[in-house]
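S.K.: FYI, the working numbering numbers position 121 of the sequence shown as 265, with every residue one higher than the one before it.
Beta carbons: idealized from backbone N, C-alpha and C, even for Gly.
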Amino acid sequence: MTRSGASDGGRSPDGTGGDVFLGPNALIIGDDATQINNYYVSPQPPEGFVQIGVIPREADHFQFRTAIDDLDVALSRGDAAVLCQVVSGIGGVGKTQIAAHYARHRRDARDVDLLLWVNARSRDAIVSAYVQAGRRMACVTSNDVEEAAQEFLTCLETTDRRWLIVLDDLADPGDLRRLWPPRHPAGRVLVTTRRRDSVLTGTGRQAITVGLFSPEQATAYLAATLAAHRRDDDPEQMRGLAEDLGHLPLALAQAAAYLMDRGLDCSAYRRRLRDSRLTLREVLPEDSSLPDEQLATVAATWSLSIELADRLAPAGLARPMLELAGLLDANGIPVAVLTCPATLAYLSAQRDPAARAAADPPVRDDRDLTADDARDALRCLYRLHLVDIASGAADEIVRVHGLIQRATRDQLATDRFDRAVQAASEALLEVWPATGQFADDEAFRVNATALSANAGARLWALDAHRVLVRTGHSLGEARFLASAVAHWEQTRHASEENLGADHRETWAVRYHLALAQWTAGDHATALSSLADLLADQIRVVGTEHPRTSVTRTRLAELLGQSGDQAGAIRDFEALLADQVRTLGTDHLQTVATRRRLAIWRWTAGHRADAVRILQAVLTDQERLLGSDDRATQATRRLLTEWRVWAESPPGAAETEAPPRTETKRRNRRTVRRSKARTLRLAAGGRAPTPDETRWRARELIASLKELLAEQLRALGADHPEVLATRAQLAARQWQAGDRAGALNTTEELLAEQSRVLGPEHADTLATRRRLAKRLWEGGRRADALAALKDLHALQVHMLGSDHVDPMNTHRQLIEWQWQIGNRGGAVQATETLLAKQRRLLGPDHADVMATRRRLAQWQGQLGNPERAVELLEELLAQQLRTLGPSHPRTRVTRRQLAQWRKAAGDLAGALNDTEALLAEQVRVLGPEHPDTVQTRRHADALRNDLGR
């Protein structure tokens, strides 16, 4: 039996041991005794249009996408270099529907002779489709499937037919190795995939990324779907549901099916969707009820993507990385959080051993993970469209679709969920900037809020709530004062609910709440909050507990700053007696309380007593801490000043200022604003004369120079206290009128700080600002402007133009423009600054309110009282909402609003504002307070002008 020309051989199909030979025109089966010859005519390629494979039907209420236009342009322009289009996007975004729409359009327009639709989820599926197509087109002769697939590709390369190959849902780019359709002028290739590996966008291949529905498309889809089932719903609720689902087409279709099957409206479904007790799978249809012939729910759609990502090198890290990302902010996670040591520890502990063992090359168990490994894990997720990474900026961020986050969280067992929560909290705290940088801090605050929402009570049970404390501090540092108070109040309620009202952590939150209330200007509430906290602490742990002592210290300080200096002294004396009894006289807390007592006795006018107490404190600090300690040096510098202030100038009367227990003007005489009061007290309770002020300044300068010389010998030029003494010396020289000496000292200080601390240190930048201000006040305005512009440029370089520090420096530059006469330019620049601040900081930020007030005043002074009124009305509305009608700044705004209404000719409006202000002043300050009396006079004058 001849075997020549046989293209294949093997055993007979009946298993009898005969040979099988397949030729181009014959099938021969036989053995040495028998031979059966079967001859047949070669099949001919079909004529006309041929479609192989089933194009998925168009989804109900299909929404036209811009990607379809992109495909039309790319695949019809005849450029052979880009005849392969790769449509990629997140699972469920509608890639298959777009490809199907395009394929049907090309078919119906008779633009193709051969249309092959391939389910490309595996290499076997691709090869099988190629072989089937090849046999249909009569261009395959080999019985080996791989060879037959190559024959089909060769046929595509040589045919004159117009063809379109759609490779739908490509799972692994490696599956197309040696299977990519050829580049041919008459051929078009369309690939849909969740992948975005670089191999998919090589030469001759163009990527088209499919995004989510627009908000309008998503709402229109929901409306059309519900209307088709004779359902009507609230447009706002439909828009809200579309947003809740992240405008993901697949999720919208399945949510609509679910709510219709269960007779829900959008509002009811949204409540279920927000219910953290339900998994995402529980608020989606059963597999048998999926719409549009879909095969899997949204939750299941991403399972394959996660598995594929976890297999990519570094194997086993993508899944735990997504678990952490699933707990944080969907719209922006700093990459630094996902690459820090806390994250690496979690990735290492949760790495899948099976994925690690199956990796190629195998993963070594003894190698510690690095930040590069974490970045590679993020890239694995990125390649599967499970995350997006915003690159190119100074700070990269990771974005994850909210439903992917929820589906990932739903898969976590309780113990693994807890470990992820702890790791996410530790990672945020580990990377969170130590000082307030607006752009960075905002991202961390948002992520902390997201972690709290996603973790719920587990955040408290795991002692991972420290991130909430950091959030509160961050809000205060960024001067989001009203937001800080609201955050601490919310955190207090959560702490009481999860830990109990008398838990130490709840006490800490209440303490921070009181400080936030004080900083926001609500002094009465802050003092009340601290007093209530102190009462609870005394009830539970007693007066001598360290936590109780901290609260007593702070309450005494705030009493003094509120004007009740006698109350501060009384409370500090009581605290000191308890500390001496329980801790001893040499305990550092006892020494610190004695120092505070000395300061308040000085502030109250008891100068000799204060100097005596502070001298004893210095002696004890030198003995306990050493003369070189910073606390010791700070006390020495303060005592140096006090001794000068306590002396009387030659010829001045020796008088002791009487103790002051209250102030005429509410909340204005605090320790931070005590310069004028100190001058009065030093002069015996009266305003000092210019000669007395200059004499004391000269004495202070001499004393500070002596102290500086001593510090330089003992501590060296680089010691922080030496730098602090230099700064104080410059301030006193300026106060004494020695402007040249002050500028020289300030410049020397700036040089030392730049050398020791670095040019970008906060203290160095503060000295730069101070130098510019002194140059301005000294009449060297050109030099001052240059210095401040240099500072602004440095801040922008360090922090970016959107940081609050360069914005504040810019505001100072604008104020100087106003002062030198460029008033129109200053107003225009302030309008621009205000818009920027509102965009970055929000309308309720303290800096935004301050800029709006300044702009209103300037507009009024330029003869535009109507614009001033408009700005002040906006400011008043914000202050009433965030600060309340009784806040001092709110009352100032009412007064200014009345002033500019009057200037604009609106006397009736001015009277209304004045009467509202008067009512608040009577209630808060009393009817006889000077401010109340003055406002009453203004109201009477306005009534007289109106003839009332």
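Taking only three categories from DSSP, how would you classify residue 188?
M.R.: Start at 1 with the first residue of the sequence shown, and residue 188 comes out as number 44. Correct three-state label for residue 188: coil.
S.K.: How big is the Cα-Cα spacing for residue 426 and residue 590?
M.R.: As a working mapping, residue 426 is identified with position 282 in the sequence shown. As a working mapping, residue 590 is identified with position 446 in the sequence shown. Cα to Cα, residue 426 sits roughly 28 Å from residue 590.
S.K.: Would you report the Cα separation of residue 184 and residue 403, rounded to the nearest angstrom?
M.R.: Position 40 of the sequence shown, counted from the start, is the residue given in the question as residue 184. Position 259 of the sequence shown, counted from the start, is the residue given in the question as residue 403. At residue 184 the pLDDT is 46, less than 50, meaning the model places this residue with poor confidence; the figure from the coordinates comes in the next sentence. For residue 184 and residue 403, the distance between alpha carbons rounds to 59 Å.
S.K.: Could you compute how far the alpha carbon of residue 331 sits from the alpha carbon of residue 323?
M.R.: Working through the sequence shown from its first residue, we reach residue 331 at position 187. Working through the sequence shown from its first residue, we reach residue 323 at position 179. Each residue's alpha carbon lies about 15 Å from the other.
S.K.: Exposed or buried, which one is residue 618 when buried takes at least 16 other CB atoms within 10 Å?
M.R.: Within the sequence shown, residue 618 is the residue found at index 474, counting from 1. Looking at its Cβ environment, which holds 16 or more other Cβ atoms inside 10 Å, residue 618 is buried.
S.K.: Does at least one heavy atom of the ligand FMN sit under 8 Å from the Cβ of residue 642?
M.R.: Among the ligands in the structure shown, none appear at all, so the ligand FMN cannot be discussed.
S.K.: Going by other Cβ atoms of all chains shown within 10 Å of its Cβ, with 16 needed for buried, is residue 646 buried or exposed?
M.R.: Residue 646 sits at position 502 when you count from the first residue of the sequence shown. With fewer than 16 Cβ atoms within 10 Å of its Cβ, residue 646 is classed as exposed.
S.K.: Could you give the distance in angstroms between the alpha-carbon of residue 829 and the alpha-carbon of residue 898?
M.R.: The sequence position of residue 829 within the sequence shown is 685, counting from 1. The sequence position of residue 898 within the sequence shown is 754, counting from 1. For residue 829, the pLDDT reaches just 48, beneath the cut-off of 50, and the residue's location in the model is therefore unreliable, leaving the point undetermined.
S.K.: Skipping 5 residues on each side, what residues in its chain have a beta carbon closer than 8 Å to that of residue 852?
M.R.: Translated into the one-based positions of the sequence shown, residue 852 becomes position 708. Excluding residues within five positions, the ones whose Cβ falls inside 8 Å are 866, 869, 870 and 873.
S.K.: Roughly how many angstroms separate the alpha carbons of residue 304 and residue 456, rounded to a whole number?
M.R.: Reading the sequence shown from its first residue, position 160 is the one you call residue 304. Reading the sequence shown from its first residue, position 312 is the one you call residue 456. Looking at the two C-alpha atoms, the distance is approximately 40 Å.
S.K.: What is the DSSP secondary structure of residue 438, counted as helix, strand or coil?
M.R.: The residue you call residue 438 lines up with position 294 of the sequence shown. Correct three-state label for residue 438: coil.
S.K.: Can you say whether residue 598 is buried or exposed, counting buried as having 16 or more other CB atoms within 10 angstroms of its CB?
M.R.: Sequence index remark: in the sequence shown, residue 598 carries index 454 (1-based). Under this definition residue 598 is a buried residue.
S.K.: Going residue by residue through the stretch 658-714, where are the continuous alpha helix (DSSP H) segments of at least 4 residues, counting only ones entirely within it?
M.R.: With a minimum length of 4 residues, the continuous alpha helix (DSSP H) runs that stay inside the stretch 658-714 are 667-685 and 690-705.
S.K.: Per DSSP, what kind of secondary structure is residue 331 in: helix, strand or coil?
M.R.: On the sequence shown, residue 331 is found 187 positions in, with the first residue counted as 1. Strand at residue 331.
S.K.: Please return the same chain residues whose Cβ sits closer than 8 Å to the Cβ of residue 894, not counting the five positions on each side in sequence.
M.R.: Position 750 of the sequence shown, counted from the start, is the residue given in the question as residue 894. The answer, listed in chain order, is 908, 911, 912 and 915.
S.K.: Residue 429 by DSSP, collapsed to three states: which one?
M.R.: Here residue 429 is taken as the residue at index 285 of the sequence shown, counted from 1. Coil, per DSSP.
S.K.: To the nearest angstrom, report how far apart residue 940 and residue 950 are at their CA atoms.
M.R.: Walking along the sequence shown from the start, residue 940 turns up at place 796. Walking along the sequence shown from the start, residue 950 turns up at place 806. If you take the alpha carbons of residue 940 and residue 950, they lie about 6 Å apart.
S.K.: How many Å lie between residue 1031 and residue 665 at the Cα?
M.R.: Indexing the sequence shown from 1 puts residue 1031 at position 887. Indexing the sequence shown from 1 puts residue 665 at position 521. Going from the Cα of residue 1031 to the Cα of residue 665 covers about 7 Å.
S.K.: Can you tell me whether DSSP reads residue 585 as helix, strand or coil?
M.R.: Indexing the sequence shown from 1 puts residue 585 at position 441. Helix, per DSSP.
S.K.: Kindly give me the distance between the Cβ atoms of residue 565 and residue 471, rounded to whole angstroms, as I take these residues to be in contact under 8 Å.
M.R.: As a working note, residue 565 is residue 421 in the sequence shown. As a working note, residue 471 is residue 327 in the sequence shown. Right, their Cβ atoms sit about 6 Å apart.
S.K.: Per DSSP, what kind of secondary structure is residue 336 in: helix, strand or coil?
M.R.: For the purposes of this step, residue 336 is taken as residue 192 along the sequence shown, with counting starting at 1. Reduced to three states, the DSSP call for residue 336 is strand.
S.K.: Alpha carbon to alpha carbon, how far is residue 356 from residue 1076? Give it in angstroms, no decimals.
M.R.: For the purposes of this step, residue 1076 is identified with residue 932 of the sequence shown, where counting begins at 1. For the purposes of this step, residue 356 is identified with residue 212 of the sequence shown, where counting begins at 1. Rounded to the nearest angstrom, the two C-alpha atoms are 59 Å apart.
S.K.: Across the stretch 201-218 and the stretch 234-252, are there enough close Cβ pairs to call them in contact, namely three or more that are closer than 8 Å?
M.R.: yes
S.K.: Under three-state DSSP, which class holds residue 861?
M.R.: Here residue 861 refers to the residue found at position 717 when the sequence shown is read from its first residue. Note: residue 861 maps to coil in three-state DSSP.
S.K.: In the DSSP assignment, what residue or residues form a beta bridge with residue 458?
M.R.: In the sequence shown, counting from the first residue as 1, residue 458 sits at position 314. For residue 458, which the question treats as bridged, DSSP gives no partner whatsoever.
S.K.: When the distance is taken between beta carbons, is residue 673 closer than 9 Å to residue 652?
M.R.: Within the sequence shown, residue 652 is the residue found at index 508, counting from 1. Within the sequence shown, residue 673 is the residue found at index 529, counting from 1. It is not a contact, given that the beta carbons lie outside the stated cut-off.
S.K.: Taking the straight line between their C-alpha atoms, what separation do you get for residue 1061 and residue 1046?
M.R.: By 1-based counting over the sequence shown, the position of residue 1061 is 917. By 1-based counting over the sequence shown, the position of residue 1046 is 902. Taking the straight line joining both Cα atoms gives about 15 Å.
S.K.: Helix, strand or coil, according to DSSP, for residue 198 in the structure here?
M.R.: Position 54 of the sequence shown, counting from 1, holds the residue named residue 198. Of the three classes helix, strand and coil, the one that applies to residue 198 here is coil, per DSSP.
S.K.: Which residues bound the beta strand (DSSP E) around residue 309?
M.R.: Walking along the sequence shown from the start, residue 309 turns up at place 165. From DSSP, the beta strand (DSSP E) with residue 309 extends over 307-314.
S.K.: State the CB to CB distance for the pair residue 449 and residue 556, rounded to an integer number of angstroms; the pair is presumed to be in contact (CB under 8 Å).
M.R.: Start at 1 with the first residue of the sequence shown, and residue 449 comes out as number 305. Start at 1 with the first residue of the sequence shown, and residue 556 comes out as number 412. At roughly 17 Å, the Cβ-Cβ gap does not stay under 8 Å, so residue 449 and residue 556 are not in contact.
S.K.: What alpha helix (DSSP H) runs, 4 residues minimum, are completely inside the stretch 872-942?
M.R.: Listed in chain order, they are 883-900 and 906-921.
S.K.: Look at the alpha carbon of residue 1090 and the alpha carbon of residue 1029, and state the distance between them as a whole number of angstroms.
M.R.: Residue numbering aside, residue 1090 sits at position 946 when the sequence shown is read from its first letter. Residue numbering aside, residue 1029 sits at position 885 when the sequence shown is read from its first letter. Cα to Cα, residue 1090 sits roughly 26 Å from residue 1029.
S.K.: Following the continuous alpha helix (DSSP H) through residue 1067, name the residue where it begins and the one where it ends.
M.R.: Sequence index remark: in the sequence shown, residue 1067 carries index 923 (1-based). First-last of the alpha helix (DSSP H) with residue 1067: 1051-1068.
S.K.: What do you reckon, are the CB atoms on residue 568 and residue 608 nearer than 9 Å?
M.R.: Here residue 568 is taken as the residue at index 424 of the sequence shown, counted from 1. Here residue 608 is taken as the residue at index 464 of the sequence shown, counted from 1. Yes, these two residues count as a Cβ contact at 9 Å.
S.K.: In whole angstroms, what is the alpha-carbon distance linking residue 273 and residue 310?
M.R.: One-based indexing of the sequence shown puts residue 273 at position 129. One-based indexing of the sequence shown puts residue 310 at position 166. One C-alpha to the other measures close to 11 Å.
S.K.: Cα separation between residue 671 and residue 764?
M.R.: Indexing the sequence shown from 1 puts residue 671 at position 527. Indexing the sequence shown from 1 puts residue 764 at position 620. About 32 Å.
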